[in-house]
Structure formats: C-alpha cells, structure tokens
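> In this note's numbering, the protein residues as written are 322 to 571. Glycine residues also receive a C-beta, built at the ideal position from the N, C-alpha and C atoms.
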Amino acid sequence: MFSLSDRTSFVTGAATGIGQAIALRLAEAGSSLIVSDKPGISLDETIALCLNYKVHVSSVELDVRETAQITEVFDRLKEQGVRIDILVNNAGINRPTKALEVDVDNWNDHVNTNVRGGFFCAKAVASGMMSRFFGRIIFVSSQSGLIGIPGQPVYCATKGALVNLVRALGVEWAKYGITVNTVAPTFIETNLTRKRLQNPEFRSYVLGKIPKGELSVPDDVAHAVVYLASDEAAMVNCHTLSVDGGWTAW
Ligand SMILES: NC(=O)c1ccc[n+]([C@@H]2O[C@H](COP(=O)([O-])OP(=O)(O)OC[C@H]3O[C@@H](n4cnc5c(N)ncnc54)[C@H](O)[C@@H]3O)[C@@H](O)[C@H]2O)c1
C-alpha cells in the first residue's frame with residue numbers, strides 16, 4: 322500500500338521479534354535496509370527473509386547502550402555514502418522488577434537501552450536527514466508508556482519517556498522535513514514476554530485487558546511503522562500510535 326522503494330531504513334534490535342517483523346515489512350514496501358543488533362546476535366534469519374523482497378540488505382553490529390559505538394557506526398555509514406531516510410529505534414529490554422527491588426544497574430540498563438540509545442541514534446542520523454529535507458524517526462514505545470503496569474516501574478518510565486521525547490524532537494526537527502513518532506504496542510508473544518505469558522494467571526490478566534481478547538502479533542506493529550515511515554504520513558508528527566487493541570482506552 323505504501324511505497325518506500327526509494328528509501329533506506331535502519332532498524333535496531335532487528336534479529337528477532339518485533340524488530341524482525343518491522344525489517345520485513347519495510348523490505349516488503351521496497352525499502353533498502355540496514356539491520357542491526359547487539360554484537361554476537363545473528364541477523365542471518367532477518368537478512369534472508371528480507372532478501373525475499375529483492376531489496377538491498379546489509380547489517381551492522383550495534384549495542385545501543387554504547388554511545389561511542391553509535392557514533393562510530395553512523396560515521397562509518399556516512400563515510401561510505403549511505404543515506405538513512407528512516408530510523409526505527411526498536412531495541413529494548415524489560416526486566417520486570419518490583420519498585421522496592423530495583424537497583425541502580427537495573428535502572429541504568431533500562432534507561433540506557435530504551436531511551437538513551439534511541440536518542441543518540443536519532444541524533445546521529447538527524448543532520449543527514451536535515452540536509453536532504455526528509456526523515457522518519459520511529460521509536461518503539463509501549464502501552465506501558467501510557468499507563469502503569471504493576472511490577473515493571475522502570476520499563477514504564479522509559480517507555481513513557483519516549484512518548485514525550487518524540488514530541489520534543491518532532492517539534493524541533495519538523496522544519497527540516499523530519500517527523501518523529503512512536504508506536505505503543507500491547508502484549509505480543511516474543512522472547513521478551515514469552516515466559517510471563519506462559520503463566521496462566523498473567524496471560525488471563527492480559528487477555529482480559531485487551532478488548533478483543535487476543536494478543537497482538539509483531540506484524541501489527543510493523544504495519545503501523547510502515548505507515549509512519551511513508552510519505553503519506555508527512556503530517557503525523559510527535560504522535561504515539563497505540564497498537565493495543567484498545568487496552569489503554571478503558
Ligand atoms: N513484546 C511485547 O509485548 C512488546 C510490547 C510493547 C513494546 N515492546 C517493545 O518492542 C521492542 C522489541 O521487543 P520484542 O518483544 O521484539 O523483544 P525481543 O527481546 O524479542 O527483541 C528485542 C531485540 O532487541 C535487541 N536488543 C536488546 N538490547 C539491545 C541493545 N543494547 N542493543 C541492540 N539491540 C538490543 C535484542 O537482541 C533483540 O534482538 C522493544 O523496544 C520492546 O520494549 C514489546
């Protein structure tokens with residue numbers, strides 16, 4: 322539906338789960354791709370699936386907690402003449418821990434992965450986007466950024482931070498043709514959530530909160546990302562697009 326055939330996208334945390342689905346749907350829409358994940362995490366499956374869409378795909382190792390690595394990766398791409406039109410800050414962690422048990426390492430790991438990493442990736446691509454007067458920056462937040470969910474205060478704080486970060490970046494960069502948005506998914510069964518969702522009590526709490534009574538799937542988020550990346554979404558800026566089946570509406 323939306324053509325991205327003249328675009329190049331960079332996706333973080335693309336080895337599996339939602340990030341892999343986002344890479345695939347961007348490829349399906351015709352975008353060239355640079356997929357990334359932490360060093361040592363294989364991107365082979367994502368690359369092979371994307372190549373089915375006959376687009377150019379390359380990969381880089383990037384741990385988004387390492388700001389020096391972010392600078393190095395994006396500087397190198399710039400030197401190679403690679404243009405990044407679409408950045409998807411998907412990499413994220415959730416280590417559910419009750420507030421009284423949160424230690425500084427848990428706090429820092431969430432903040433550095435979920436917020437700081439995405440911010441510095443956005444900063445690294447913004448000047449190129451400004452010079453070409455086009456850019457789409459999409460953060461993967463969560464419904465946990467809009468409501469409180471017991472037992473994961475730090476994750477909720479980081480995902481809430483993204484909701485306001487995109488407002489701040491979006492108003493600052495709109496005049497350069499850049500939009501900055503988030504998607505806010507509900508529960509999806511991935512490596513991040515599988516163990517918790519296997520607990521029957523937790524699963525029935527989750528299904529009871531989603532009006533449709535079904536979990537979401539990675540493609541639900543990926544399609545929303547493709548829309549936000551498209552030319553057609555030019556006036557959608559600073560927005561959080563809920564992909565939660567209505568959880569946050571009641
Ligand atoms: N699964 C859900 O229910 C759900 C709901 C809402 C939002 N989200 C968000 O969606 C995003 C993807 O989650 P998922 O469910 O696919 O999880 P996942 O654990 O399946 O995948 C996350 C990917 O991010 C990578 N990653 C983790 N830390 C990284 C780092 N420091 N640098 C680079 N890559 C790193 C992992 O290696 C992995 O490939 C996350 O931001 C998550 O918070 C997930």
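With distances taken between CB atoms, is the gap from THR333 to SER357 smaller than 8 Å?
What you label residue 333 is simply residue 12 of the sequence shown in a count that begins at 1. What you label residue 357 is simply residue 36 of the sequence shown in a count that begins at 1. Closer than 8 Å, so yes.
> So who's on the other strand from GLU393, going by DSSP bridges?
Here the question's residue 393 lines up with position 72 in the sequence shown. Paired residues: none, contrary to the question.
> List the residues that DSSP assigns as beta-bridge partners of LEU562.
One-based indexing of the sequence shown puts residue 562 at position 241. BP columns for LEU562 point to VAL504.
> Mind the definition here: the segment 483-492 touches the segment 521-536 only if three or more C-beta pairs lie below 8 Å; say whether that holds.
Cβ pair count under 8 Å is below three, so no.
> Looking at the unbroken alpha helix (DSSP H) that takes in GLY491, where does it start and where does it end?
Position 170 of the sequence shown, counting from 1, holds the residue named residue 491. GLY491 -> alpha helix (DSSP H) spans 474-494.
> DSSP on LEU354, reduced to helix/strand/coil?
Counted from its first residue, the sequence shown places residue 354 at position 33. If DSSP states are grouped into helix, strand and coil, LEU354 belongs with the strands.
> Which full runs of the beta strand (DSSP E) of 3+ residues lie inside the segment 372-459, going along the chain?
DSSP runs (the beta strand (DSSP E)) wholly in the segment 372-459: 378-382 and 407-410.
> Figure out for me which residue from SER551, GLY567 and TRP571 has the closest Cα to the Cα of THR329.
Reading the sequence shown from its first residue, position 8 is the one you call residue 329. Looking at the Cα atoms, SER551 is the closest of the given residues.
> I want to check one thing, is the minimum distance from the CB of ILE531 to the heavy atoms of ligand 2 below 7 Å?
In terms of ligand content, the structure shown lacks ligand 2 and carries ligand 1 instead.
> Where does ASP406 land, buried or exposed, given buried means 16+ other C-beta within 10 angstroms?
In the sequence shown, the residue the question calls residue 406 occupies position 85. Classification for ASP406: buried.
> Might you give, ordered along the chain, the residues of its own chain that have their beta carbon closer than 7 Å to the beta carbon of PRO360, omitting 5 neighbours on each side?
Walking along the sequence shown from the start, residue 360 turns up at place 39. Once the five neighbours on either side are set aside, the close Cβ partners of PRO360 are GLU382 and ASP384.
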